[in-house]
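Here the structure is laid out as C-alpha coordinates; the discussion comes afterwards.
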Amino acid sequence: MGLFDIFKRKSNHKAIFVGLDNSGKSTIISFLQEGKFVEHTPTMGKKNVDMEIGGTRMSLFDMGGQQDFRGLWLGELKNAKVVTFVIDAAAPQRFAEAKKELETLLPAIKEQKIHLLILANKHDIPGAVSLSKIITEFKLFDVDNFEIMEISAKTGYGMADAFAKFYTLLTGEKVKKNVLAKAISVFDKGGTPIVTTYNRNEIERVAIEGGFLVAITQFSKMKMNEDEESIITFESEKNGTFIVAKSKNLIGSVLWTADLGVPLEQSKSALKELLSHLETNASCSDTNSIAFHVEHYCTNII
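The opening residue of the sequence shown carries number 230 in the working numbering; numbering runs sequentially from there.
Next comes the structure, spelled out in C-alpha coordinates:
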(Lines of atoms letter the chains of each structure in order from A and count residues from 1; the text may use other names and numbers.)
(Lines give C-alpha, C1' and ligand atoms only; values in the text may rest on other atoms or scores of the structure.)
Protein backbone atom coordinates (compact mmCIF):
# COMPACT_ATOMS: atom_id res chain seq x y z
CA MET A 1 0.00 0.00 0.00
CA GLY A 2 2.98 2.30 0.29
CA LEU A 3 2.00 3.21 3.85
CA PHE A 4 5.42 3.07 5.44
CA ASP A 5 9.03 4.08 4.89
CA ILE A 6 11.29 1.47 6.50
CA PHE A 7 14.97 1.12 5.70
CA LYS A 8 16.68 -1.38 7.99
CA ARG A 9 19.33 -4.07 7.77
CA LYS A 10 18.20 -7.57 6.90
CA SER A 11 17.00 -9.52 9.92
CA ASN A 12 14.33 -12.12 10.64
CA HIS A 13 11.49 -11.91 13.13
CA LYS A 14 8.80 -14.44 13.99
CA ALA A 15 5.22 -13.61 14.90
CA ILE A 16 2.19 -15.82 15.30
CA PHE A 17 -1.43 -14.94 14.71
CA VAL A 18 -3.94 -16.81 16.84
CA GLY A 19 -7.63 -16.52 17.63
CA LEU A 20 -10.84 -18.45 17.21
CA ASP A 21 -12.01 -19.61 13.81
CA ASN A 22 -13.66 -16.83 11.79
CA SER A 23 -11.95 -14.06 13.78
CA GLY A 24 -10.15 -12.81 10.66
CA LYS A 25 -6.50 -13.78 11.15
CA SER A 26 -5.85 -14.76 7.54
CA THR A 27 -7.70 -11.70 6.27
CA ILE A 28 -5.51 -9.43 8.41
CA ILE A 29 -2.31 -11.01 7.10
CA SER A 30 -3.57 -10.69 3.52
CA PHE A 31 -4.39 -7.02 4.08
CA LEU A 32 -0.83 -6.46 5.31
CA GLN A 33 0.47 -8.15 2.16
CA GLU A 34 -1.91 -6.85 -0.47
CA GLY A 35 -3.35 -3.67 1.01
CA LYS A 36 -6.90 -4.86 0.39
CA PHE A 37 -9.59 -7.20 1.67
CA VAL A 38 -9.32 -10.81 0.48
CA GLU A 39 -11.92 -13.44 1.38
CA HIS A 40 -10.43 -16.58 2.98
CA THR A 41 -11.44 -20.12 3.77
CA PRO A 42 -10.55 -21.35 7.29
CA THR A 43 -6.87 -22.14 7.86
CA MET A 44 -6.23 -25.84 8.43
CA GLY A 45 -3.42 -26.39 10.94
CA LYS A 46 -1.02 -23.55 10.26
CA LYS A 47 0.21 -21.47 7.37
CA ASN A 48 3.54 -19.68 7.18
CA VAL A 49 3.71 -16.35 5.35
CA ASP A 50 7.08 -14.66 4.80
CA MET A 51 7.21 -10.92 4.20
CA GLU A 52 10.12 -8.55 3.71
CA ILE A 53 9.81 -4.82 4.25
CA GLY A 54 12.83 -2.62 3.76
CA GLY A 55 15.23 -5.46 4.51
CA THR A 56 13.37 -6.71 7.57
CA ARG A 57 12.19 -10.28 7.10
CA MET A 58 9.07 -11.33 8.96
CA SER A 59 7.79 -14.88 9.35
CA LEU A 60 4.09 -14.76 10.16
CA PHE A 61 2.44 -17.96 11.32
CA ASP A 62 -1.30 -18.06 10.73
CA MET A 63 -2.63 -20.65 13.19
CA GLY A 64 -5.90 -22.43 12.53
CA GLY A 65 -8.62 -21.37 14.95
CA GLN A 66 -10.79 -24.47 14.95
CA GLN A 67 -10.89 -26.50 18.16
CA ASP A 68 -8.82 -29.33 16.66
CA PHE A 69 -5.91 -27.02 15.86
CA ARG A 70 -5.67 -24.92 19.02
CA GLY A 71 -3.31 -27.42 20.62
CA LEU A 72 -0.69 -26.29 18.10
CA TRP A 73 -0.63 -22.72 19.36
CA LEU A 74 1.56 -23.21 22.43
CA GLY A 75 4.21 -25.16 20.55
CA GLU A 76 4.54 -22.42 17.97
CA LEU A 77 5.38 -19.76 20.60
CA LYS A 78 9.03 -20.81 20.64
CA ASN A 79 11.25 -18.01 19.27
CA ALA A 80 8.24 -15.81 18.56
CA LYS A 81 8.63 -12.11 19.33
CA VAL A 82 4.97 -11.18 19.00
CA VAL A 83 1.71 -13.01 19.54
CA THR A 84 -1.18 -11.31 17.78
CA PHE A 85 -4.45 -12.51 19.29
CA VAL A 86 -7.42 -11.69 17.07
CA ILE A 87 -10.89 -11.26 18.54
CA ASP A 88 -14.11 -11.12 16.54
CA ALA A 89 -15.60 -8.01 18.14
CA ALA A 90 -18.93 -8.73 16.46
CA ALA A 91 -19.31 -12.15 18.11
CA PRO A 92 -19.68 -11.50 21.87
CA GLN A 93 -21.30 -14.92 22.24
CA ARG A 94 -17.82 -16.40 21.71
CA PHE A 95 -15.93 -14.11 24.08
CA ALA A 96 -15.84 -16.69 26.89
CA GLU A 97 -14.37 -19.28 24.51
CA ALA A 98 -11.78 -16.81 23.20
CA LYS A 99 -10.90 -15.67 26.73
CA LYS A 100 -10.23 -19.26 27.76
CA GLU A 101 -7.84 -19.78 24.84
CA LEU A 102 -6.02 -16.52 25.55
CA GLU A 103 -5.61 -17.45 29.21
CA THR A 104 -4.03 -20.74 28.14
CA LEU A 105 -1.32 -18.80 26.29
CA LEU A 106 -0.65 -16.07 28.84
CA PRO A 107 1.76 -17.97 31.17
CA ALA A 108 4.02 -18.94 28.24
CA ILE A 109 3.81 -15.44 26.76
CA LYS A 110 4.92 -13.99 30.09
CA GLU A 111 7.64 -16.59 30.71
CA GLN A 112 9.13 -16.19 27.23
CA LYS A 113 8.78 -12.39 27.31
CA ILE A 114 6.76 -12.30 24.10
CA HIS A 115 4.92 -9.12 23.15
CA LEU A 116 1.12 -9.47 23.06
CA LEU A 117 -0.93 -7.49 20.56
CA ILE A 118 -4.71 -7.93 20.69
CA LEU A 119 -6.69 -6.89 17.63
CA ALA A 120 -10.44 -6.41 17.97
CA ASN A 121 -11.45 -7.12 14.39
CA LYS A 122 -14.72 -6.46 12.49
CA HIS A 123 -15.14 -2.94 13.84
CA ASP A 124 -17.19 -2.27 10.69
CA ILE A 125 -20.07 -4.53 11.71
CA PRO A 126 -22.99 -2.81 13.49
CA GLY A 127 -23.10 -3.91 17.10
CA ALA A 128 -19.38 -4.68 17.34
CA VAL A 129 -18.34 -4.51 20.98
CA SER A 130 -16.29 -1.50 22.12
CA LEU A 131 -12.68 -1.79 23.27
CA SER A 132 -13.57 -0.82 26.83
CA LYS A 133 -16.11 -3.64 27.07
CA ILE A 134 -13.70 -6.15 25.51
CA ILE A 135 -11.05 -5.18 28.06
CA THR A 136 -13.60 -5.79 30.82
CA GLU A 137 -14.99 -9.03 29.36
CA PHE A 138 -11.50 -10.51 28.87
CA LYS A 139 -10.26 -9.16 32.24
CA LEU A 140 -7.31 -7.57 30.50
CA PHE A 141 -6.68 -5.21 33.40
CA ASP A 142 -5.00 -8.23 35.02
CA VAL A 143 -2.70 -8.84 32.04
CA ASP A 144 0.80 -7.35 31.96
CA ASN A 145 2.27 -5.64 28.91
CA PHE A 146 -0.28 -5.92 26.14
CA GLU A 147 -1.53 -3.62 23.40
CA ILE A 148 -5.08 -3.62 22.06
CA MET A 149 -6.48 -1.91 18.96
CA GLU A 150 -9.73 -1.77 17.00
CA ILE A 151 -9.52 -2.69 13.32
CA SER A 152 -11.50 -3.91 10.35
CA ALA A 153 -9.55 -6.04 7.91
CA LYS A 154 -12.51 -5.74 5.54
CA THR A 155 -12.81 -1.95 5.35
CA GLY A 156 -9.18 -1.21 6.26
CA TYR A 157 -10.11 0.73 9.40
CA GLY A 158 -7.10 1.10 11.68
CA MET A 159 -4.90 -1.27 9.68
CA ALA A 160 -2.02 1.16 9.12
CA ASP A 161 -1.86 2.06 12.80
CA ALA A 162 -2.13 -1.61 13.77
CA PHE A 163 0.74 -2.52 11.46
CA ALA A 164 2.85 0.32 12.84
CA LYS A 165 2.30 -1.02 16.36
CA PHE A 166 2.93 -4.61 15.24
CA TYR A 167 6.16 -3.67 13.47
CA THR A 168 7.46 -1.78 16.50
CA LEU A 169 6.72 -4.69 18.85
CA LEU A 170 8.32 -7.15 16.43
CA THR A 171 11.52 -5.23 15.64
CA GLY A 172 11.89 -2.66 18.40
CA GLU A 173 12.05 0.03 15.73
CA LYS A 174 9.64 2.90 15.25
CA VAL A 175 7.85 2.91 11.93
CA LYS A 176 6.76 6.00 10.10
CA LYS A 177 3.25 5.95 8.70
CA ASN A 178 3.12 7.92 5.48
CA VAL A 179 0.36 10.50 5.21
CA LEU A 180 -0.59 10.28 1.55
CA ALA A 181 -3.19 13.04 1.30
CA LYS A 182 -4.48 16.06 3.18
CA ALA A 183 -8.03 15.49 2.00
CA ILE A 184 -10.06 12.92 0.10
CA SER A 185 -13.35 13.31 -1.71
CA VAL A 186 -15.51 10.80 -3.55
CA PHE A 187 -18.23 11.59 -6.09
CA ASP A 188 -20.66 9.51 -8.09
CA LYS A 189 -19.87 9.13 -11.78
CA GLY A 190 -22.04 12.16 -12.55
CA GLY A 191 -19.89 14.39 -10.33
CA THR A 192 -22.26 14.66 -7.36
CA PRO A 193 -20.34 14.80 -4.04
CA ILE A 194 -20.78 11.82 -1.72
CA VAL A 195 -18.20 12.25 1.04
CA THR A 196 -15.17 14.39 1.90
CA THR A 197 -12.72 13.63 4.67
CA TYR A 198 -9.70 15.72 5.55
CA ASN A 199 -7.05 16.59 8.14
CA ARG A 200 -8.98 18.98 10.34
CA ASN A 201 -5.81 20.32 11.93
CA GLU A 202 -4.38 21.71 8.70
CA ILE A 203 -7.05 22.81 6.27
CA GLU A 204 -10.39 24.53 6.01
CA ARG A 205 -13.26 22.34 4.86
CA VAL A 206 -15.04 25.01 2.79
CA ALA A 207 -11.93 25.90 0.80
CA ILE A 208 -11.06 22.27 0.19
CA GLU A 209 -14.55 21.26 -0.88
CA GLY A 210 -14.54 24.19 -3.30
CA GLY A 211 -11.22 23.05 -4.71
CA PHE A 212 -12.49 19.50 -5.16
CA LEU A 213 -15.58 20.75 -6.98
CA VAL A 214 -13.48 22.82 -9.38
CA ALA A 215 -11.21 19.84 -10.08
CA ILE A 216 -14.14 17.47 -10.60
CA THR A 217 -15.91 19.97 -12.87
CA GLN A 218 -12.82 20.25 -15.08
CA PHE A 219 -12.38 16.49 -15.01
CA SER A 220 -16.01 15.90 -16.04
CA LYS A 221 -15.58 18.16 -19.08
CA MET A 222 -12.82 15.96 -20.44
CA LYS A 223 -13.93 13.58 -23.18
CA MET A 224 -13.20 10.00 -22.18
CA ASN A 225 -14.56 6.62 -23.12
CA GLU A 226 -17.04 5.14 -20.65
CA ASP A 227 -14.73 2.28 -19.68
CA GLU A 228 -11.52 4.32 -19.77
CA GLU A 229 -9.63 4.49 -16.49
CA SER A 230 -8.12 7.94 -16.10
CA ILE A 231 -6.07 9.73 -13.48
CA ILE A 232 -5.07 13.36 -13.88
CA THR A 233 -3.87 16.28 -11.76
CA PHE A 234 -5.04 19.87 -11.34
CA GLU A 235 -2.83 22.51 -9.76
CA SER A 236 -4.35 24.91 -7.24
CA GLU A 237 -2.19 27.87 -6.24
CA LYS A 238 -4.01 28.12 -2.92
CA ASN A 239 -4.40 24.47 -1.92
CA GLY A 240 -1.92 22.25 -3.74
CA THR A 241 -2.38 19.48 -6.30
CA PHE A 242 -5.72 17.75 -6.72
CA ILE A 243 -5.39 14.22 -8.09
CA VAL A 244 -8.56 12.98 -9.77
CA ALA A 245 -9.29 9.42 -10.87
CA LYS A 246 -12.27 7.56 -12.29
CA SER A 247 -13.38 3.98 -11.72
CA LYS A 248 -16.41 2.22 -13.17
CA ASN A 249 -18.98 3.86 -10.88
CA LEU A 250 -17.13 6.57 -8.97
CA ILE A 251 -14.82 9.55 -9.23
CA GLY A 252 -12.29 10.14 -6.48
CA SER A 253 -9.91 12.96 -5.67
CA VAL A 254 -7.15 13.52 -3.15
CA LEU A 255 -5.26 16.67 -2.23
CA TRP A 256 -1.49 16.28 -2.39
CA THR A 257 1.05 18.87 -1.22
CA ALA A 258 4.83 18.74 -1.31
CA ASP A 259 5.12 19.05 2.47
CA LEU A 260 3.55 15.60 2.89
CA GLY A 261 7.00 14.29 2.03
CA VAL A 262 5.75 11.53 -0.28
CA PRO A 263 6.00 11.35 -4.08
CA LEU A 264 2.97 12.44 -6.06
CA GLU A 265 2.89 9.01 -7.71
CA GLN A 266 2.47 7.35 -4.32
CA SER A 267 -0.64 9.42 -3.62
CA LYS A 268 -1.96 8.57 -7.08
CA SER A 269 -1.58 4.88 -6.28
CA ALA A 270 -3.36 5.35 -2.96
CA LEU A 271 -6.32 6.97 -4.74
CA LYS A 272 -6.53 4.15 -7.28
CA GLU A 273 -6.43 1.59 -4.46
CA LEU A 274 -9.20 3.43 -2.62
CA LEU A 275 -11.46 3.39 -5.68
CA SER A 276 -10.71 -0.29 -6.27
CA HIS A 277 -11.58 -1.01 -2.63
CA LEU A 278 -14.87 0.87 -2.94
CA GLU A 279 -15.84 -0.87 -6.18
CA THR A 280 -15.18 -4.25 -4.56
CA ASN A 281 -16.58 -3.75 -1.07
CA ALA A 282 -19.10 -0.91 -1.09
CA SER A 283 -22.51 -0.75 -2.71
CA CYS A 284 -21.86 1.95 -5.30
CA SER A 285 -25.57 2.75 -5.53
CA ASP A 286 -25.72 3.41 -1.77
CA THR A 287 -24.10 6.71 -0.76
CA ASN A 288 -24.14 5.73 2.92
CA SER A 289 -22.19 2.56 2.13
CA ILE A 290 -19.63 4.53 0.14
CA ALA A 291 -19.24 7.16 2.87
CA PHE A 292 -18.83 4.43 5.51
CA HIS A 293 -16.10 2.64 3.57
CA VAL A 294 -14.29 5.89 2.74
CA GLU A 295 -14.21 6.97 6.39
CA HIS A 296 -12.82 3.56 7.39
CA TYR A 297 -10.27 3.13 4.62
CA CYS A 298 -8.98 6.68 4.93
CA THR A 299 -7.49 5.92 8.35
CA ASN A 300 -4.66 4.43 6.27
CA ILE A 301 -4.17 7.47 4.03
CA ILE A 302 -4.73 10.63 6.09
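C-beta atoms are modelled at their ideal positions from N, C-alpha and C, and glycine is treated no differently.
DSSP, read as helix, strand or coil, puts D515 in coil.
Secondary structure note for F395: it is in no beta strand (DSSP E), and the uninterrupted alpha helix (DSSP H) holding it is M388 to T400. Excluding five sequence positions before and after A487, the CB atoms of its chain that fall closer than 8 angstroms to its own CB belong to G469, given in chain order. Nearest to L334 by C-alpha distance, out of G419, T426, F314 and K243, is F314.
For E464, the enclosing beta strand (DSSP E) begins and ends at I460 to S465. For a cut-off of 8 angstroms, the C-beta gap from V523 to T426 is around 6 angstroms, short enough to register as a contact.
CA-CA distance, L409 to G300, rounds to 42 angstroms. Just so you know, the alpha carbons of E305 and V312 end up roughly 10 angstroms apart.
Your pair L399 and K254 does not check out as a contact, with CB atoms roughly 16 angstroms apart and the cut at 8 angstroms. Rounded to whole angstroms, the gap between the alpha carbons of I316 and E464 is 45 angstroms.
Nearest in C-alpha terms to S498, of all of I460, F521, A511 and N517, is I460. In the three-state scheme derived from DSSP, where H, G and I count as helix and E and B as strand, N510 is classed as helix. Annotation for T365: no beta strand (DSSP E) segment contains it, though the alpha helix (DSSP H) segment containing it runs L360 to E366. With at least 16 other beta carbons inside 10 angstroms of its own, E379 counts as buried. Apart from sequence neighbours up to five positions away, the residues of its chain that approach Q262 with a beta-carbon distance below 8 angstroms are V278 and M280, ordered along the chain. Of the candidates A357, F367 and Q341, F367 places its Cα closest to the Cα of I347. If you compare the alpha carbons of A393, A412 and T256 with that of S496, the shortest gap goes to A412.
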